[in-house]
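Counting from 0, one number per residue, gives the positions in the sequence shown under numbering that gives the first Met the number 0. We treat Cβ as the ideally placed atom computed from N, Cα and C, and that holds for glycine. Just so it is clear, the structure is predicted and the values come from calculations on it, not from any experiment. Let me begin by presenting the structure, written as structure tokens, before commenting on it.
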Amino acid sequence: MRFQAPRGTADVVPADSFKWQRIESVFREVVRLYGYYELRTPTFEDTELFTRTAGETSDIVTKQMYTFMDKGDRSITLKPEGTAPAMRALLEHNLCPTGAVARLSYVTPIFRYERPQKGRLREAHQVGFELVGSSSPLADAEVIEITMKFYQELGIAGTVAMINSLGRESCRQQFREAILTSTAAYLADQPLEFQEKVRKNPLRLLDSKDPSAQEAIKSVPPITNYLEGESRARFDKIQELLTDANVPYQLSPEVVRGLDYYTETVFEVQSTSLGAQSALCGGGRYDNLIAELGGPATPSVGVAMGIERAIIVMDDAGLWPNGNEPDVFVIQATDQAQTECQRLARNLRQSGLVTLFDIDSRSMKSQLRQADKSGAPIALILGEDELAKGTVQVKRLGSSEQFEIPISDVVAKVLELK
Ligand code: HAM
Numbered sequence: 000m001r002f003q004a005p006r007g008t009a010d011v012v013p014a015d016s017f018k019w020q021r022i023e024s025v026f027r028e029v030v031r032l033y034g035y036y037e038l039r040t041p042t043f044e045d046t047e048l049f050t051r052t053a054g055e056t057s058d059i060v061t062k063q064m065y066t067f068m069d070k071g072d073r074s075i076t077l078k079p080e081g082t083a084p085a086m087r088a089l090l091e092h093n094l095c096p097t098g099a100v101a102r103l104s105y106v107t108p109i110f111r112y113e114r115p116q117k118g119r120l121r122e123a124h125q126v127g128f129e130l131v132g133s134s135s136p137l138a139d140a141e142v143i144e145i146t147m148k149f150y151q152e153l154g155i156a157g158t159v160a161m162i163n164s165l166g167r168e169s170c171r172q173q174f175r176e177a178i179l180t181s182t183a184a185y186l187a188d189q190p191l192e193f194q195e196k197v198r199k200n201p202l203r204l205l206d207s208k209d210p211s212a213q214e215a216i217k218s219v220p221p222i223t224n225y226l227e228g229e230s231r232a233r234f235d236k237i238q239e240l241l242t243d244a245n246v247p248y249q250l251s252p253e254v255v256r257g258l259d260y261y262t263e264t265v266f267e268v269q270s271t272s273l274g275a276q277s278a279l280c281g282g283g284r285y286d287n288l289i290a291e292l293g294g295p296a297t298p299s300v301g302v303a304m305g306i307e308r309a310i311i312v313m314d315d316a317g318l319w320p321n322g323n324e325p326d327v328f329v330i331q332a333t334d335q336a337q338t339e340c341q342r343l344a345r346n347l348r349q350s351g352l353v354t355l356f357d358i359d360s361r362s363m364k365s366q367l368r369q370a371d372k373s374g375a376p377i378a379l380i381l382g383e384d385e386l387a388k389g390t391v392q393v394k395r396l397g398s399s400e401q402f403e404i405p406i407s408d409v410v411a412k413v414l415e416l417k
């Protein structure tokens, strides 16, 4: 019997792992500049952590959670997202005492029982960060700015932050009523269960992919029409700050997000390379979440970016500078040269050069073939003649150029040519 990775999961094979490492290291470097430090939380949590925060009407809670009873009869859920666990840990370790601000980042798998397709997995991975304890619009703008900087550093061009505001509770209440009124005729024809769900949270109708729902919501006025006083001022200020920071953004009333904990600002970045799963990332403000978890009222804002989706976009645009190619391949032309070849390889590595050789000392022809296949730009050839003279043949792979230099000059030469 041969096994395969479970549906909706994927192995990251060595030829691709450098992409993950690059995304994670660019992420860590970008957030470090703004003072975010990593928090790691467990793979599973008490189920209630998510039902309370993601919302009882969200698809994540109603359809997608990997929930099971453990042997001690506890209801456990594999984390479907990283924000609620991060806030649970923040409270547990008092990472944000009253009046303070905490900046946290994470790299995490998430588990959602979805129908797998391009860019949509059952085990997916996110990099994310949270700015906890500030209600300033500067906090919202900082999170959006960092997100855009991350994509910029990865070389993903043309991204635009799609921003919207859900306002405070009283604005959302008016908006919810407006949704129900303007889609009443459509809703009346829907199954009772669906009507019930939409009544509980009319915003859910706005993420529906169903074409008739899409048609019905065209008559819904934009939520920003309902923004009152402070919410309007905050949203205006955020736009001003983004303009000043040269962050490309567009007002996108259709962005309402699929998790229930958002208040005020929400945003996404999309890419056309992703097809139906167009969101590269999503985030926003969640001023009530910490209080829902039993903590003090703590205004917070954050975002999570899908790693697999960033890879799809970067693959499509050919944005990987280099992969696992070695810098140099050492070829042993005769058996007597083996020890010297090993010494040479050690020296090259000492200088930070990725160095390969044929561990099975096959024929010269086979070694040359392997050197070509390895993607190294340079092969170094050492045989009896070179040993006697204290030299090395430098061969530029992919061309006929070959020349001889003293072995003592080799490291400098490879560094120059690679
Ligand atoms: P989310 O929009 O559910 O938000 O997920 C954020 C990103 O994770 C998505 O835009 C997408 O790139 C990626 N993602 C989500 N589900 C999948 C999947 N099944 N397959 C592949 N990629 C996926 C959150 O998770 C919030 N916790 C974000 C946040 C942080 N809000 C505030 N702070």
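{"Query": "Straight-line CA distance for Leu89 to Cys95?", "Result": "7 Å"}
{"Query": "Could you give the residue range of the alpha helix (DSSP H) that holds Tyr248?", "Result": "Taken as a continuous stretch (DSSP letters only), Tyr248 belongs to no alpha helix (DSSP H), being part of the beta strand (DSSP E) at Tyr248 to Leu250."}
{"Query": "My assumption, with CB atoms under 8 Å, is that Ser104 sits in contact with Glu37. Please give the rounded CB distance.", "Result": "5 Å"}
{"Query": "When we look at the beta-carbon of Phe402 and count the other beta-carbons within 10 Å, is it buried (16 or more) or exposed?", "Result": "exposed"}
{"Query": "Out of Thr158, Ala378 and Tyr285, point me to the one whose CA is closest to Val353's CA.", "Result": "Ala378"}
{"Query": "Less than 8 Å separating the beta-carbons of Gly305 and Cys280?", "Result": "yes"}
{"Query": "For Arg119, which of helix, strand or coil comes out of DSSP?", "Result": "strand"}
{"Query": "Please confirm whether Glu141 has its beta-carbon closer than 8 Å to some beta-carbon of chain D.", "Result": "In summary, chain D is missing from the structure at hand, where a single protein chain is found."}
{"Query": "In its own chain, which residues sit with a C-beta less than 7 Å from the C-beta of Ala332, not counting the 5 before and 5 after it?", "Result": "Met363, Ile380, Leu381 and Gly382"}
{"Query": "Only counting the same chain, and skipping five residues up and downstream in sequence, which positions put a Cβ closer than 8 Å to that of Thr271?", "Result": "Ser277"}
{"Query": "What do you reckon, are the CB atoms on Gly257 and Asp58 nearer than 8 Å?", "Result": "yes"}
{"Query": "What's the gap between the Cα of Ser135 and the Cα of Glu141?", "Result": "10 Å"}
{"Query": "Using the beta-carbon count (16 or more within 10 Å), is Glu267 buried or exposed?", "Result": "buried"}
{"Query": "Indicate whether the contact test is met: 3 or more Cβ pairs, each with one atom in the region 337 to 344 and one in the region 161 to 172, closer than 8 Å.", "Result": "no"}
{"Query": "With DSSP as the reference, label Lys394 as helix, strand or coil.", "Result": "strand"}
{"Query": "Would you say the beta carbon of Tyr150 is closer than 7 Å to some non-hydrogen atom of the ligand HAM?", "Result": "no"}
{"Query": "How would you call Met147, buried or exposed, if buried means at least 16 neighbouring beta carbons within 10 angstroms?", "Result": "buried"}
{"Query": "Would Arg175 be called buried (16 or more neighbouring beta carbons within 10 Å of its own) or exposed?", "Result": "buried"}
{"Query": "Taking Tyr33 as the reference, which of Asp235, Leu137 and Glu168 has the closest Cα?", "Result": "Leu137"}
{"Query": "Which word fits Met86, buried or exposed, when buried means at least 16 other C-beta atoms lie within 10 angstroms of its C-beta?", "Result": "buried"}
{"Query": "What I want to know is whether the C-beta of Arg308 ends up closer than 7 Å to one or more non-hydrogen atoms of the ligand HAM.", "Result": "yes"}
{"Query": "Please report how far the alpha carbon of Glu113 lies from the alpha carbon of Gln366, in whole angstroms.", "Result": "47 Å"}
{"Query": "Output the distance between the C-alpha atoms of Leu130 and Arg102, rounded to the nearest integer angstrom.", "Result": "5 Å"}
{"Query": "What did DSSP end up calling Gln369 once you bin it into helix, strand or coil?", "Result": "helix"}
{"Query": "With a threshold of 7 Å (Cβ to nearest heavy atom), would Val409 be considered close to the ligand HAM?", "Result": "no"}
{"Query": "Have a look at Ile109, Val329, Gln369 and Pro5 and flag the residue whose alpha-carbon is nearest the alpha-carbon of Ala303.", "Result": "Ile109"}
{"Query": "Hey, would you say the C-beta of Leu226 is under 7 Å away from at least one heavy atom of the ligand HAM?", "Result": "no"}
{"Query": "Kindly indicate which residue of Glu55, Glu324 and Gly118 has the alpha-carbon position closest to the one of Glu195.", "Result": "Glu55"}
{"Query": "Taking the alpha-carbon of Tyr285 as reference, which of Glu168, Ile145 and Asp72 has the nearest alpha-carbon?", "Result": "Glu168"}
{"Query": "Can you name, in chain order, every residue of its own chain whose Cβ lies under 8 Å from the Cβ of Leu292, other than the five neighbours on each side?", "Result": "Leu48, Arg51, Thr52, Ala83, Met86, Arg87 and Leu90"}
{"Query": "Please identify the residue among Arg111, Asp139, Pro405 and Ala296 whose C-alpha is closest to the C-alpha of Phe388.", "Result": "Note that residue 388 is Lys in the sequence shown, not Phe. Of the candidates Arg111, Asp139, Pro405 and Ala296, the one whose C-alpha sits nearest the C-alpha of Lys388 is Pro405."}
{"Query": "Does the beta carbon of Thr424 fall short of 7 Å from some heavy atom of the ligand HAM?", "Result": "Residue 424 is absent from the model: the chain starts at 0 and stops at 417."}
{"Query": "Taking one C-beta from the region 311 to 318 and one from the region 151 to 159 each time, how about it: are there three or more such pairs within less than 8 Å?", "Result": "yes"}
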